[in-house]
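Here the structure is laid out as structure tokens; the discussion comes afterwards.
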DNA sequence: GGATGTCCATAGGCATTCGCTATGGTATGC
DNA sequence: GCATACCATAGCGAATGCCTATGGACATCC
């Protein structure tokens, strides 16, 4: 039983004649005879009564007809709408971001992506850089939003933005009402840092080292949200990304831009090098860029 | 693009490997490679990225996957449920009856048939014997309930019942309170007859001729319902089938059985000789027989 | 870094299948 | 009884599908 046989069968059922079915299908009459005979053999039931003037469905033929039509309609739809589906990004896509990005970008990003690709089946994942790279390797995820550097020749990076890190202090901290922060402010102040599982922790460490500042780390948290809460309670100061400051505004905190040579982190879309271009990934990059630029403007 | 190719495609997408897909489908690996390559060629898009360790879906592959699954599921369901459908009488069936039967049997018969074959798509037709025979010939209808004789070698008849004709008179007619009717009662009484398009009219004419009675026909109606209405108004008497009397009881009418040698008509299921046996037709015959016998018992 | 293993693609051979033309058989209708 | 309409069968050639064997690319292991 294959598609062709079903097509011949439906044509014969609808025209009531093998000859007319052959004409409709643009083949010779014996081809239809043969395929219908073969179909009857595989189903082990005659599908038509052979009349002197054409054919008529048997009970078996009547039972098969609606199913055959459904199969053919699914089949034809597939061929007809495949290109449209492709343009509209139909299919299952899984995107990911690191924990210092996901909670601040996904709430805006995912609805926008779902709006622009309403027929896509989107899944979002949050994990560390290391795990995301591994998942890109085995193609569990299609794209990851993370922060360079990534030292893996199999990973393709598209840097879409660069965002400053701000100095976040409690509202009643002496620095709170200064218009700008400066690197020396970091010195000896009690500082809240992130766990070293996060790349942001290493980026901050690198920045401090380059400025010859050794921060006085009094606490390490496993998530930026915790860091912010601790800052608000006055337990210390912290360097936080712009998107975190913008996404979780608070009157109990003051987030200061650095006056000069601010620390920054890049935001990049990572994909596997062997993946072919993807409309959704491209659009993900565009949207991420837009969102980061919007943060910068305010 | 055929079923096999789609099956290989889905297997490859789900296992992430052409080799594993081949194993799952119990064929050699090159067969899967080849069919997927062919599928990609017909769709004009690569469906997989070839990785050093397996394969991964492209956007095109992701778009095709849900449609491929739907096609396969319809296809597999068809093969799996075909026999069940056949047993349950799935399919479109058209049954018919002549106008002196249809209004009295169909209201009970069709619901019973629909109950016993809930998945059948039933259509009922009412037309004259002549037209029904023609429709049996071109297989527009599957079976017809009518009354013999039918003189057509291509039509197969199953006589399922024989019902008496009753003498129907107005409630205030002198005959109304007689327990039985007799043939002489027909003589010279004003009589309502059916149009000669109905076989019942001919059957009655034949009966009268055999009894040497020439009824005094004062009116011909095109439908039994009209005949009954006229009888109730006292415009004349009429011979009506038992089922009509039972289905439309009225206090304004009295329907008398004949004491001896009552006129009768047979009820038969007509099918085309070249039709193969049909569960629904068989059951139609059973139900018709039951209904007629129920009339007889009351 | 060379050997090994894994995985997919390609080549060539074999059997099957499909569609075609030609023809036969059967019932119908004039 | 002949012509017609319709389906089935036969036989042929082309195409297709699956197979085994092999090649090439990349990763892994010692």
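Chains as they are written, first to last, in this note's numbering: chain Z, 237 to 534; chain L, 237 to 534. In this text, a Cβ means the ideal position worked out from N, Cα and C, and glycines have one as well.
Nearest residue (CA-CA) to residue i, options the options
i: residue 296 of chain Z; options: Z:288, Z:475, Z:284; result: Z:284
i: residue 289 of chain Z; options: L:507, L:445, L:375, L:397; result: L:375
i: residue 528 of chain L; options: L:479, L:351, L:303; result: L:479
i: residue 490 of chain Z; options: Z:519, Z:405, Z:434; result: Z:405
i: residue 334 of chain Z; options: Z:301, Z:292, Z:270, Z:506; result: Z:506
i: residue 437 of chain L; options: L:291, L:501, L:312; result: L:501
i: residue 390 of chain Z; options: Z:373, Z:396, Z:379; result: Z:373
i: residue 303 of chain L; options: Z:294, Z:274, Z:302, Z:322; result: Z:322
i: residue 419 of chain Z; options: Z:287, Z:265, Z:293, Z:475; result: Z:475
i: residue 522 of chain L; options: L:301, L:394, L:248, L:473; result: L:394
i: residue 305 of chain Z; options: L:310, L:305, L:301; result: L:310
i: residue 434 of chain L; options: L:477, L:413, L:526; result: L:477
i: residue 357 of chain Z; options: L:301, L:319, L:314; result: L:301
i: residue 468 of chain Z; options: Z:486, Z:266, Z:269; result: Z:486
i: residue 408 of chain Z; options: Z:292, Z:470, Z:425; result: Z:470
i: residue 293 of chain Z; options: Z:272, Z:412, Z:441; result: Z:272
i: residue 453 of chain L; options: L:359, L:353, L:447, L:472; result: L:472
i: residue 466 of chain Z; options: Z:429, Z:396, Z:287, Z:439; result: Z:429
i: residue 425 of chain L; options: L:410, L:439, L:414; result: L:410
i: residue 516 of chain L; options: L:324, L:286, L:412, L:388; result: L:324
i: residue 413 of chain L; options: L:504, L:488, L:264, L:259; result: L:488
i: residue 440 of chain Z; options: Z:353, Z:275, Z:336, Z:396; result: Z:336
i: residue 318 of chain L; options: Z:318, Z:276, Z:260; result: Z:276
Proximal residues to residue i (C-beta, below 6 Å), its chain only, five neighbours per side dropped
i: residue 338 of chain Z; result: 362
i: residue 326 of chain L; result: 355
i: residue 392 of chain L; result: 507, 509
i: residue 348 of chain L; result: 523
Burial state of residue i, where buried means 16 or more other Cβ atoms lie within 10 Å
i: residue 262 of chain Z; result: exposed
i: residue 351 of chain L; result: exposed
i: residue 416 of chain L; result: exposed
i: residue 253 of chain Z; result: buried
i: residue 250 of chain L; result: exposed
i: residue 427 of chain Z; result: buried
i: residue 359 of chain Z; result: exposed
i: residue 270 of chain L; result: exposed
i: residue 464 of chain L; result: buried
i: residue 299 of chain Z; result: buried
i: residue 520 of chain Z; result: buried
i: residue 316 of chain L; result: exposed
i: residue 380 of chain Z; result: buried
i: residue 314 of chain L; result: buried
i: residue 216 of chain L; result: For residue 216 of chain L there is no data in the structure shown, the boundaries of chain L being 237 and 534.
According to DSSP, residues forming a beta bridge with residue i
i: residue 399 of chain L; result: L:501
i: residue 392 of chain L; result: L:507
i: residue 430 of chain Z; result: Z:457
i: residue 450 of chain Z; result: BP columns for residue 450 of chain Z are empty, so no partner.
i: residue 464 of chain Z; result: In the DSSP output, where bridge partners are listed per residue, residue 464 of chain Z has none listed.
i: residue 329 of chain L; result: L:358
i: residue 514 of chain Z; result: None; residue 514 of chain Z has no bridge partner.
i: residue 477 of chain L; result: L:401
i: residue 290 of chain L; result: L:287
i: residue 489 of chain Z; result: Z:406
i: residue 245 of chain L; result: Per DSSP, none; premise fails for residue 245 of chain L.
i: residue 303 of chain Z; result: Paired residue(s): none; residue 303 of chain Z is not in a bridge.
i: residue 494 of chain Z; result: Z:417
i: residue 257 of chain L; result: Residue 257 of chain L pairs with nothing; no bridge assigned.
8 Å CB neighbourhood of residue i in its chain, flanking five on each side removed
i: residue 308 of chain L; result: 239, 242, 243, 246
i: residue 377 of chain Z; result: 330, 331, 332, 361, 368, 371
i: residue 444 of chain L; result: 422, 450, 451
i: residue 531 of chain Z; result: 399, 478, 479, 482
i: residue 431 of chain L; result: 437, 456, 457, 458
i: residue 442 of chain Z; result: none
i: residue 291 of chain Z; result: 248, 252, 253, 254, 284, 285
i: residue 388 of chain L; result: 369
i: residue 484 of chain L; result: 340, 461, 464
i: residue 237 of chain Z; result: 275, 278, 279
Cβ neighbours of residue i in the same chain (closer than 7 Å, five flanking residues each side left out)
i: residue 257 of chain Z; result: 244, 247, 248, 251, 268
i: residue 345 of chain Z; result: 523, 524, 527
i: residue 447 of chain L; result: 419
So does the stretch 364-372 of chain L actually touch the stretch 340-354 of chain Z, counting three or more Cβ pairs closer than 8 Å? no
Taking three-plus beta-carbon pairs below 8 Å as touching, is the stretch 507-525 of chain L in contact with the stretch 398-414 of chain L?
-> no
Pairing CB atoms from the stretch 273-281 of chain Z with CB atoms from the stretch 488-504 of chain L, are three or more of them under 8 Å? no
* To do: Taking 8 Å as the threshold, find out whether the stretch 379-396 of chain L comes into contact with the stretch 459-473 of chain L through three or more Cβ pairs.
  => no
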